[in-house]
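Trainee:
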Amino acid sequence: MKSRRALLFPETLAVLTEAEGSRVRLVDFLDRRVLFADGVLARELLAALDGGEPGPLLASLGRLGGSIVRARGTASSPLTAQAALRLQGFDTLFLELTLQCTERCVHCYAAAGPERRERLSRETCLELLEDAAALGFRRVQFTGGDALLVPYLERLLETGQRLGFEMREVFTNGQLLDEARLSSLAEHGASFAFSLYAAEPAIHDAITRVPGSHARTCDAIRRACARGLEVRAAVVELEQNAGQVEAAMALARSLGAEVSRTGASHAVGRGSFLEPRTQVPIGQDVEPQEPEGQHGCAREGAGNYGVLCVAGDGSVFPCVFNREDRLGRVPDRRLRDIVAAPELQAGQVEAAEFLREVRRRLQCASCQCTAWALRAAKENESAPWD
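Under our numbering, the letters of the sequence shown match residues 31 to 416, in that order.
#1: By Cβ distance below 8 Å, which residues in the same chain neighbour E196 in space, the five residues on each side in sequence not counted?
#2: Closest to E199 by CA distance: which of G344, L187, A256, R146 is it?
#3: Mind checking whether E157 and L365 have CB atoms under 9 Å apart?
#4: For P108, name the three-state secondary structure that DSSP assigns.
#5: Please confirm if the stretch 149-165 is in contact with the stretch 204-223, defined as three or more CB-CB distances below 8 Å between the two stretches.
#6: Could you tell me whether the Cβ atoms of C349 and A401 are closer together than 9 Å?
#7: So R149 packs on G342, CB below 8 Å; how close in whole Å?
#8: Candidates F124, T128, G81, Q130: which alpha carbon is nearest S106's?
#9: Do L226 and T247 have their beta-carbon atoms positioned less than 9 Å apart in this structure?
#10: Closest to V5 by C-alpha separation, out of Q274, E260, L259, would be which residue?
#11: Which first and last residues belong to the alpha helix (DSSP H) in which S214 is found?
#12: Candidates N271, G258, P241, E260: which alpha carbon is nearest A229's?
#13: Could you pull the start and end residues of the alpha helix (DSSP H) that F384 belongs to?
#14: To which residues does DSSP link M197 through a beta bridge?
#15: DSSP three-state label for L46, please.
#16: Which residue marks the beginning of the alpha helix (DSSP H) containing C138, and which one marks its end?
#17: Determine, using beta carbons only, whether C138 and L179 come nearer to each other than 9 Å.
#18: Looking at the strands, I want to know which residues DSSP matches up with T238.
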């Protein structure tokens, strides 16, 4: 019978799997490296992770040995699908209340638009908030499509406040944010995030494919900031707004907003035809780029915390941008049950090739780690622990 061990190191974003015959694979998502070890080297690696001193073979690995040194000083847990989703604890639940939107952005990961009619019911959303609070989520973002198209948004904000979520953010393009709705949402404790693509109106409108959208978004940002609300402007770097990102960030600040920036478009949804602006091969040193504010779904300085996304059709994903790993669907199953036993497809995955491919879709190292760990957990679940 095979003897296998599989461990997750959430603090250092590393996954270790041990197969029969002392064959070990350590995947490090901070350095984006894969270490395969066999025989004596595998035994040294396992001994080091168990608290022993790294042996001469490990010392000879140079920078690769850093993955082992980092992991050995942190807590690990048995690799399960739930552990892969949770990492150091759950942080943000993204609720795509509807896939309907007043815009049709060229890069939209949800492929939202005016013609879409998928929507999460009020009852389903309330159940999701209850389950998320019980699972330890600290933040919730109401997004879409456009969250302002949902008439029960205020009820959801009220429930989120009652359940103790630290942040209850409404992500919108601002096209429908008139004074009455702004007052209503402000009374229910909403913070806001707006998409802003350029300082030049024509470039922004070409991305949203709605004439006049730039002026309306900027007006919504200005009015929300004038009320003293917490407002964030999200700027995504695309081919279409090349050379405009810094100016867009400056414009957002001049309107009173905080700024977050993602370094490249995500190759999902309508953005699936787009390639990231930079590609870094596995094994090559990468100088980390620290964009201002949020990057992907991670929060600067927040640790490696798990996120979940519930799409407008009820599908549950481990990340807003990871649409390949469908975990289940609400309301067919409760969110708490999906987290406990996600629906995953089994299958062998080659680690180095996966790392290359996942960088096309996911920017956050934590989301990349979760995507790999889910596959490794499924592959390993039928084998007994040591």
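Idealized CB from N, CA, C, for every residue including glycine.
Predicted, not measured: the structure shown is a model, and the values here were computed from it.
Mentor: Reading from the atomic positions:
#1: R168, R169
#2: L187
#3: yes
#4: strand
#5: no
#6: yes
#7: 6 Å
#8: G81
#9: yes
#10: In the structure as shown, the chain starts at 31 and stops at 416, and residue 5 therefore has no counterpart that could be examined.
#11: 209-217
#12: N271
#13: 381-391
#14: R169
#15: strand
#16: First-last for C138: undefined, no H or E at that position.
#17: no
#18: None, per the DSSP bridge assignment.
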